[in-house]
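Take a look at the structure set out below.
2 protein chains.
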Amino acid sequence: MNFPSKLIEDAVNEFAKLPGIGKKTALRLVMHLLKADVPTVKHFGETISRMRTDIKFCSTCHNLSDHDQCQVCLDPRRDKQLICVVSDFKDVIAVENTGQYKGTYHVLGGVISPIDGIGPDQLQIESLCKRVREDETKEVIMALDPTMEGDTTVFYVSKKLKDTKVRVTTLARGVSFGGELEYVDELTLARSIATRLPYENYLGKK
Amino acid sequence: MNFPSKLIEDAVNEFAKLPGIGKKTALRLVMHLLKADVPTVKHFGETISRMRTDIKFCSTCHNLSDHDQCQVCLDPRRDKQLICVVSDFKDVIAVENTGQYKGTYHVLGGVISPIDGIGPDQLQIESLCKRVREDETKEVIMALDPTMEGDTTVFYVSKKLKDTKVRVTTLARGVSFGGELEYVDELTLARSIATRLPYENYLGKK
Chain A
4 MNFPSKLIED
14 AVNEFAKLPG
24 IGKKTALRLV
34 MHLLKADVPT
44 VKHFGETISR
54 MRTDIKFCST
64 CHNLSDHDQC
74 QVCLDPRRDK
84 QLICVVSDFK
94 DVIAVENTGQ
104 YKGTYHVLGG
114 VISPIDGIGP
124 DQLQIESLCK
134 RVREDETKEV
144 IMALDPTMEG
154 DTTVFYVSKK
164 LKDTKVRVTT
174 LARGVSFGGE
184 LEYVDELTLA
194 RSIATRLPYE
204 NYLGKK
Chain B
4 MNFPSKLIED
14 AVNEFAKLPG
24 IGKKTALRLV
34 MHLLKADVPT
44 VKHFGETISR
54 MRTDIKFCST
64 CHNLSDHDQC
74 QVCLDPRRDK
84 QLICVVSDFK
94 DVIAVENTGQ
104 YKGTYHVLGG
114 VISPIDGIGP
124 DQLQIESLCK
134 RVREDETKEV
144 IMALDPTMEG
154 DTTVFYVSKK
164 LKDTKVRVTT
174 LARGVSFGGE
184 LEYVDELTLA
194 RSIATRLPYE
204 NYLGKK
C-alpha cells in the first residue's frame, strides 16, 4: 500500500500489529483519528501509554490494579476466607461479570506447563500457600481451564495445601445452561452423567 | 463489564470509540498491549498522537503530507501537466495503489453538498483553478464519486475552467473487470451500453 506520509504509514503499521487488525482496518482507524481533533487523538495515545506504564499488580492477589492493592482486596464486603484461584486477570473479569462471586481472587499468572518451560516457581503458588496459612482461608476454588496443564496445576496446588485445613474445590463441569444435548461433546456429556447431582442440588450446592 | 482497574477501563473505552471496535474487541486489544513491554506500548501511543499533531497539508495539492509539499508534488518524475482531482486523501491512496497513474493530484476536501452546508468556497476549487492557470495544465481528471454531489462538483469545476485550454475528463464508468453481467446494476449496464467503445480502445484510450 502506498501512503502519502510516513506519519500515516507508521500509525497504520502500529495499529496493524494489534491482533485481528489488518492493514485495511488499520488505515480505516487512522482515517477516523485524522478527522478527530488534536486533543482527542492526543488523549487516545496518552491513555493507552499510561495504561501500560502506570498499571500495578495487587500485592495480595497479583491481579492488575491501579494501586498497591486492588479494589477487590480492599473491599471490606468481600469474603477474605474464600479465594478463587485463576490463571489470568482475564478470568477475574469473567468471574466478576457474573456478579455472583463475593470472595477474593488469586492470580497465578499462568498454569504449570513444562512444554512452555513454566514450572511452579514461576507462578504465584508460594504466595497463595502463604495467604491460605496466614488468613486461615476456609475454601480455595480452583477456577482454571480444563486442560492438562490446568489439571496438573490444580493437583499441585491441592497437594501443597494438604497440611492446611482449607477445602479445595473446582468449578462444576457439565452441560452448559441453554446448551442442547445434541451438540454437547461426548466427554462433557459422559462426565456430567457420571457426576450427576440430586435434583435438590440442581441450582446450587449446599 | 467490570474492570479491575480504572486505567484499563479508560483504555478500553478509548479503543471502543474507534469505528468497528466494540467493548469486547477493545478489551482484547488492551490485553494484548498489557502483555507487550512498556517501550512498545509507549511507542504505539506516541506514534498515534504524533500522526495527528504533526500531519500537514501539501501547499500545492492539499493532500496529507509530512512536509510543506507532499512526496507526489516533489517527485520530478510526476507529470505536473496532469492533475487528478479527488474529494479525499483516501482516494489518493486508492489511485496510487493502482501504480498506473503518473500525474499529480488535487484534493478538494469534499464535494459540493448544499444539504450538508458545503459550498464551493469550502473546497479547494479556487486553488485548483489557480494551479491550472499558472502551470498551464493540459488535463484535469475528475475522479469523484458518481453521486449527485460528485456530478455537481464536476459540473461546477468544468464551468470554472471553461476559459482555460485545459481538457476536463472523468473516470470511465461501466462494468468492472471480473464483474459478471448478471450481477451488474441496471444503470451501470445501461450506461455502459450507451457509452460503448470501439474494440481497439477496449484496454486503453488513445
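Chains A and B supply the protein sequences, listed in that same order.
Position in the first sequence (first residue = 1) + 3 = our numbering.
Position in the second sequence (first residue = 1) + 3 = our numbering.
Note that beta-carbon positions come from the ideal geometry of N, C-alpha and C, so glycine has one too.
- Per DSSP, the unbroken beta strand (DSSP E) holding R170 (chain A) starts and ends at R170 to T173.
- For K59 (chain A), the beta-bridge partners assigned by DSSP are A:S68.
- Relative to C76 (chain A), the option among A:D91, A:E49 and A:F60 whose CA is nearest is A:F60.
- By the Cβ neighbour-count rule, T156 (chain B) is buried, with 16 or more other Cβ atoms within 10 Å of its own.
- At the C-beta level, N5 (chain A) and E185 (chain B) stay beyond 8 Å of one another.
- Contiguous alpha helix (DSSP H) elements confined to the stretch 74-149 of chain B occur at 74-77, 92-101 and 128-138, taking only those with 4 or more residues.
- Proximity of H109 (chain B) to chain A, defined by a Cβ-Cβ separation below 8 Å, is not satisfied.
- Legend: CB atoms of the stretch 35-61 of chain B lying less than 7 Å from CB atoms of chain A belong to residues H35, L36, L37, V41, V44, K45, F47, G48, E49, T50, I51, S52, R53, M54, R55, T56, D57 and I58.
- Exposure of S179 (chain A) is indicated by the presence of fewer than 16 other C-beta atoms within 10 angstroms of its C-beta.
- Here the alpha carbon of R136 (chain A) sits roughly 31 Å from the alpha carbon of N204 (chain A).
- In the DSSP assignment, N16 (chain A) falls within the alpha helix (DSSP H) that extends over K9 to A19.
- Proximity of the stretch 44-54 of chain B to the stretch 117-137 of chain B falls short of the contact definition, fewer than three beta-carbon pairs being nearer than 8 Å.
- Non-local beta-carbon contacts of L192 (chain A) in its own chain, meaning distances under 8 Å to residues more than five positions away in sequence, involve V178 and L184 in chain order.
- Counting only Cβ-Cβ distances below 8 Å, R31 (chain B) has contacts in chain A at P22 and G23, in chain order.
- Neighbours of M4 (chain B) across chain A, judged by C-beta separation under 8 Å: I96 and N100.
- For E185 (chain B), no alpha helix (DSSP H) encloses it, and the DSSP letter there is neither H nor E.
- Against chain A, the beta carbon of C73 (chain B) has neighbours under 9 Å at P7 and S8, listed in chain order.
- Per the C-alpha coordinates, the member of A:E152, A:D166 and A:V169 positioned closest to P117 (chain A) is A:E152.
- Contact of N66 (chain A) with chain B is assigned, a C-beta pair being separated by under 8 Å.
- Look at the stretch 141-172 of chain B: it has no residue with a C-beta under 9 Å from a C-beta of chain A.
- Within the model, the alpha-carbon separation for G25 (chain B) versus V15 (chain B) is close to 9 Å.
- Secondary structure of M34 (chain B) (DSSP, three-state): helix.
- Neighbours of D82 (chain B) across chain A, judged by C-beta separation under 8 Å, do not exist; the nearest C-beta is about 17 Å away.
- For D119 (chain B), there are no neighbours in chain A by C-beta distance under 9 Å, as the nearest C-beta there is about 14 Å away.
- If you draw a straight line from the Cα of L190 (chain B) to the Cα of V114 (chain B), it comes to about 22 Å.
- Collapsing the DSSP output to three states places F158 (chain B) in a helix.
- Listed by position along chain A, the residues whose Cβ is nearer than 8 Å to that of D78 (chain B) form an empty set, because the closest Cβ is around 12 Å away.
- Against E17 (chain A), the close residues of chain B are H46, F47, T50 and I51, in the order they occur along the chain (beta-carbon pairs closer than 8 Å).
- The C-beta distance from D148 (chain A) to S90 (chain A) rounds to 7 Å, short enough to fall under 8 Å.
- For I11 (chain B), the nearest beta carbon of chain A is closer than 8 Å to its own beta carbon.
- Pairing Q74 (chain A) with S62 (chain B), the inter-Cα distance amounts to about 53 Å.
- Identification of chain A residues near K93 (chain B) by a Cβ-Cβ cut-off of 7 Å yields M34, ordered along the chain.
- The C-alpha of L67 (chain B) lies about 54 Å from the C-alpha of G106 (chain A).
- Between D138 (chain A) and chain B, the shortest Cβ-Cβ separation is not below 8 Å.
- An exposed status is given to L174 (chain B), since fewer than 16 other beta-carbon atoms sit within 10 Å of its beta-carbon.
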